[in-house]
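In the working numbering, the protein residues as written are -13 to 156. By construction, the Cβ of each residue, glycine as well, lies at the ideal position given by its N, Cα and C atoms. Just so you know, these numbers come straight off a predicted model, no measurement behind them.
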Amino acid sequence: MDIFIKKKIKRFNSWLSYSYINTQNFFTDVNNNNYFPGNWNIRHSLRWTSFYDLDHLRFSLGWTWHSGKAYTQVREIINEQGQVTLQYGELNSSTLPIYHRMDLSVIYNFKLKESSKLNYRFAVSIRNLYDRKNLINKEFRSANTLDNKFSYSDMYGIRLTPNLSFRILW
């Protein structure tokens, strides 16, 4: 289910979107023949975006929030005489923590000569404005070693990231 609301008041534009997703997988002889959440099942997702135009400038602010992505937890690693066995929990029954971030940008559009067909755009933006450490995935990896070691890897989204860009449009 998706809901989208958009509002424009003179030079100010804003929109809000919400998605509800409940993907369920079923495979014969997997998960005791029970349904289980899909790998990218993110139940709730909310996004708010707004921008304000002032002559040649555009100021933008956006906020993204969603519930955690589903994943399968490894409960136990059993190593008996060099034979490694992994004991998993129920398929995709765990979820990552809530994800959210805010992004900010300022864009300046200009021409060097009014008669020119060339337009220029200079932009400054900051992604993840409040520098939140967002966990976006968990991986369980094996090392190519004789002792069959395994390790968890937590993967995080980018932290506070400034960007500059310059474009020539024609």
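Nearest by alpha-carbon distance to residue i: which of the options is it?
| i | options | result |
| --- | --- | --- |
| Leu40 | Asn95, Arg153, Leu150, Leu104 | Asn95 |
| Leu64 | Gln73, Ala56, Thr35 | Reading the sequence as shown, one finds Ile at residue 64 and not Leu. Selected option, being the one with the closest Cα: Gln73. |
| Phe108 | Leu146, Leu43, Met(-13), Thr35 | Leu43 |
| Ser111 | Arg127, Ile93, Ile122, Ser102 | Ile93 |
| Gly143 | Arg127, Leu121, Lys135 | Leu121 |
| Leu104 | Trp156, Gln69, Asn25, Tyr4 | Trp156 |
| Leu150 | Tyr6, Ser91, Ser36 | Ser91 |
| Met(-13) | Thr9, Asn114, Lys(-6), Lys(-7) | Thr9 |
| Ser31 | Ser137, Arg127, Phe(-10), Val70 | Phe(-10) |
| Thr147 | Ser139, Arg113, Asp140, Tyr138 | Arg113 |
| Tyr138 | Ser102, Tyr106, Arg61 | Arg61 |
| Arg127 | Lys97, Ser36, Val70 | Val70 |
| Ser36 | Glu100, Tyr106, Lys(-7), Tyr6 | Lys(-7) |
| Ser46 | Asp140, Met141, Leu115, Lys99 | Leu115 |
Can you check DSSP and say which residues form a bridge with residue i?
| i | result |
| --- | --- |
| Pro148 | Ile112 |
| Arg118 | In DSSP, Arg118 forms no bridge with anything. |
| Asp41 | Answer is none; Asp41 lacks a bridge partner. |
| Thr58 | In DSSP, Thr58 forms no bridge with anything. |
| Met141 | Asn123 |
| Leu47 | Ser36, Leu90 |
| Phe102 | The sequence given here places Ser at residue 102; Phe does not occur at that position. DSSP, once it has assigned bridges, lists no residue as partnering Ser102. |
| Arg107 | Asn95, Arg153 |
| Ser31 | Ser5, His52 |
I'd like to check one pair, residue j with residue i: are the Cβ atoms closer than 8 Å?
| i | j | result |
| --- | --- | --- |
| Tyr57 | Lys119 | no |
| Asn11 | Phe(-2) | no |
| Asn165 | Leu77 | As shown, the chain starts at -13 and ends at 156. That puts residue 165 outside it, with no answer to give. |
| Arg153 | Asp117 | no |
| Ser203 | Arg33 | Lying outside -13 to 156, the shown extent of the chain, residue 203 is not represented and no answer is given. |
| Ser80 | Gln59 | yes |
| Met88 | Gly24 | no |
| Arg29 | Ile(-5) | no |
| Tyr106 | Lys97 | yes |
Length-filtered (3 minimum) beta strand (DSSP E) runs lying within the segment -11 to 23: -2 to 6
Within the chosen definition, does the segment 77 to 94 reach the segment 36 to 53 through at least 3 CB pairs nearer than 8 Å? yes
To test your reading of the DSSP string, which unbroken beta strand (DSSP E) runs of 3 or more residues are found completely within the segment 57 to 94? 60 to 66, 69 to 74
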